[in-house]
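A.B. asks: Going by the working numbering, the first residue of the sequence shown is number 4, and it counts up by one from there.
We treat Cβ as the ideally placed atom computed from N, Cα and C, and that holds for glycine.
Below: one structure in structure tokens.
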Amino acid sequence: MARSVRILVLCALLLSLPLIMAMGMGGSEVPTRIPEPKVNYLVTLTDMGGTTVDLSHFSIEGVVFLAGEMGRGELAVPLEKVKDVVIRHQGGEFKAEVALADGGNVTITVKGSLKATGKTSYGNYRIPLDEVSRIQLRGVKHN
Numbered sequence: 004m005a006r007s008v009r010i011l012v013l014c015a016l017l018l019s020l021p022l023i024m025a026m027g028m029g030g031s032e033v034p035t036r037i038p039e040p041k042v043n044y045l046v047t048l049t050d051m052g053g054t055t056v057d058l059s060h061f062s063i064e065g066v067v068f069l070a071g072e073m074g075r076g077e078l079a080v081p082l083e084k085v086k087d088v089v090i091r092h093q094g095g096e097f098k099a100e101v102a103l104a105d106g107g108n109v110t111i112t113v114k115g116s117l118k119a120t121g122k123t124s125y126g127n128y129r130i131p132l133d134e135v136s137r138i139q140l141r142g143v144k145h146n
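What follows is the structure, encoded as structure tokens:
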């Protein structure tokens, strides 16, 4: 009888382990460390609530391009070619309308879970793309 109780407790513990571990994971941790890309892009980012923040060392998941799906293919637009990005929520997808520096436009579907990061004058900043409404590129700072 005692053996079956131990087995039952062990099974319950093993089954609940993923839930317990998930409680300590996710986006709740503060951005004490963020990626530092080789190129220092300066942007003004606006979130879905209308709050704007000026960022340096901007990147998306640590890289300096905007990646997503275009039709049945995938596209990665280097930030050096981007002037402005407007992200719209449409039918469960996130459409990024990209105004290019050369005057052209392209629309791609981005993953809302991707994290945009950068530095403000008062600390590090991180936000998932599904909470972003606009990214305006202001230039590159050369050190």
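When burial is assigned at 16 or more other CB atoms within 10 Å of the CB, is Leu103 buried or exposed?
C.D. replies: The residue in question, Leu103, is exposed, as its Cβ has fewer than 16 Cβ neighbours within 10 Å.
A.B. asks: What are the boundary residues of the beta strand (DSSP E) that Leu82 is part of?
C.D. replies: It is not in any beta strand (DSSP E) - Leu82 carries neither H nor E in the DSSP assignment.
A.B. asks: Nearest chain D C-beta to Arg129 closer than 9 Å, yes or no?
C.D. replies: This model lacks chain D altogether, as it is built from one protein chain only.
A.B. asks: In angstroms, rounded to a whole number, what distance separates the CA positions of Leu48 and Ser136?
C.D. replies: One C-alpha to the other measures close to 8 Å.
A.B. asks: Can you check which of these residues, Gly107, Glu77, His92, Asp57, is closest to Ser124 by C-alpha distance?
C.D. replies: Among Gly107, Glu77, His92, Asp57, the Cα nearest to that of Ser124 is on Asp57.
A.B. asks: Comparing alpha-carbon positions, which option in Val42, Glu32, Val33 lies nearest Gly142?
C.D. replies: Per the Cα distances, Val42.
A.B. asks: Under 8 Å, with one C-beta from each stretch per pair, do the segment 50 to 66 and the segment 112 to 127 reach the 3-pair mark?
C.D. replies: As far as the Cβ criterion goes, the segment 50 to 66 touches the segment 112 to 127, which means the pair count is three or higher.
A.B. asks: Which value, in whole angstroms, describes the spacing of the CA atoms of Val101 and Arg129?
C.D. replies: One C-alpha to the other measures close to 21 Å.
A.B. asks: In angstroms with no decimal places, state the Cα-to-Cα distance between Leu78 and Val33.
C.D. replies: Spanning the two alpha carbons is a distance of roughly 30 Å.
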